[in-house]
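J.:
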Amino acid sequence: SSMFPVFCDMESSGGGWTLIQHRFDGSTSFNRTWDEYKNGFGKLTEEFWLGNDKINLLTKAKNMSLRIEIEDFEGVKEYAHYDHFHVANESQQYRLSIGGYSGTAGNAMQFSKTYNHDQQLFTTPDRDNDRYPSGNCGAYYSSGWWFDAC
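Numbering (the numbering used here), first residue to last: 188 to 337.
1) Assign TRP221 to one of three DSSP states: helix, strand, or coil.
2) State the CB to CB distance for the pair ASP317 and GLN307, rounded to an integer number of angstroms; the pair is presumed to be in contact (CB under 8 Å).
3) In terms of residues, what are the limits of the alpha helix (DSSP H) holding GLU253?
4) Going by C-alpha to C-alpha distance, which of THR291, LEU244, LYS241, GLY227 sits closest to SER330?
5) Which of the three DSSP states is assigned to CYS324 in this structure?
6) Quick check on LYS241: does DSSP put it in helix, strand or coil?
7) Would you call the segment 234-249 and the segment 275-286 in contact, with 3 or more CB pairs under 8 Å?
8) Can you tell me which of GLY286, GLU261, ARG314 puts its alpha carbon nearest to the alpha carbon of ILE255?
9) Once DSSP output is grouped into helix, strand and coil, what is the label at GLN279?
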């Protein structure tokens with residue numbers, strides 16, 4: 188079934204944002220397997236990863252945008268907005284396509300010609316798809332992500 192519950196942020200930047208990840212207190216481990224990132228984990232009201240299959244479903248039909256919000260321990264908030272955001276399906280290793288940055292947080296997804304998350308395949312501690320020749324960035328950072336290098 189392609190129906191699934193999501194958490195909608197109705198406050199940030201005019202509202203209507205579907206959360207795909209929420210991390211704030213470290214209560215949920217993100218050191219997970221490929222299958223866990225595929226299907227999602229955690230609780231929508233707490234810390235979670237929505238799931239790569241679901242993110243693919245949400246981003247495949249039309250061009251979507253991505254908003255990343257970060258907040259420090261003093262309550263200072265910054266954001267990064269990307270006009271283009273798409274995650275491919277599992278047969279394409281959930282390749283990330285992202286671009287069109289604006290915001291205050293800095294462009295961490297494309298921060299140099301050497302380190303660029305755009306067009307990277309998804310990597311988890313148990314599945315190494317990154318371009319780093321000396322190891323697995325997912326294992327190094329105990330997390331799944333579209334790592335280029337680490």
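Even for Gly, the Cβ is constructed at its ideal location relative to N, Cα and C.
All values derive from a computational prediction rather than experimental measurement.
T.: This is what the structure gives:
1) Helix.
2) 7 Å
3) Contrary to the premise, residue 253 reads as Leu rather than Glu in this sequence. Not the alpha helix (DSSP H): LEU253 falls in the beta strand (DSSP E), residues 251-258.
4) GLY227
5) helix
6) Three-state result, LYS241: helix.
7) yes
8) GLY286
9) helix
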